[in-house]
Ligand SMILES: [Zn+2]
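In our numbering, the protein residues as written are 1 to 172.
Okay, structure coming up:
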């Protein structure tokens, strides 16, 4: 008389092939995630020589060597013309003139970047100060610093060097 328990249990077999399927699906999902992450954070990387050739000495000093222009000397320090401010190095859209305000500091000041991922920040401990450095998310160009003494709606003040920016017309 058969017990009905001879050979591999059907349920075990099916669970094995389910496992394989899940592991395959996981591998595909991982590949997609990796691909998307690379796509979104793809950086522009150039050698020092290439940046030097492309930029003016002042733009190079500020964006590639984390320099700061003297207050009230930059071309956008007190400008209130409408426009979209792009990275002078790579053209990435960074700030909108709608978010620009007169801070009285002598540097172009904005309450926020044009999108959350236009810029990245990093702690800067140079000159015996603890500040938050702001750079272009696409090419790492140094832009300036962000402080938490700005006006509404964000309370932030993105204090940016004119030399790191190029103002263009807003897209229609
Ligand atoms: Zn850039």
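Each residue gets a CB set at the ideal place from its N, CA and C atoms; glycine is no exception.
For clarity, every value in this text was computed on a predicted model and none was experimentally measured.
Asked	Found
Under the criterion of a Cβ to heavy atom distance below 8 Å, does residue 141 qualify as lining ligand 1?	yes
Does the Cβ of residue 169 have 16 or more other Cβ atoms within 10 Å, making it buried, or fewer, making it exposed?	exposed
Specify the secondary structure class of residue 45 as computed by DSSP and reduced to three states.	coil
Check whether the stretch 65 to 79 and the stretch 114 to 122 touch, using three or more Cβ-Cβ pairs below 8 Å as the test.	no
Quick one: residues in its chain with C-beta nearer than 6 Å to the C-beta of residue 36, no 5 flanking neighbours on either side, listed in chain order?	Note that residue 36 scores 47 on pLDDT, short of 50, meaning its location in the model is unreliable and no value can be drawn from it.
Taking the alpha helix (DSSP H) that residue 64 falls in, what are its first and last residues?	57 to 65
Should residue 167 be labelled buried (16 or more other beta-carbon atoms within 10 Å of its own) or exposed?	buried
Based on Cα-Cα distance, which residue from 106, 26, 147 lies nearest to residue 130?	147
Report yes if the C-beta of residue 92 is less than 8 Å from at least one heavy atom of ligand 1; otherwise report no.	yes
Count the other CB atoms, across all protein chains shown, that sit within 10 Å of the CB of residue 138; report buried if there are 16 or more and exposed otherwise.	buried
Roughly how many angstroms separate the alpha carbons of residue 51 and residue 60, rounded to a whole number?	7 Å
What's the C-alpha gap between residue 164 and residue 27?	42 Å
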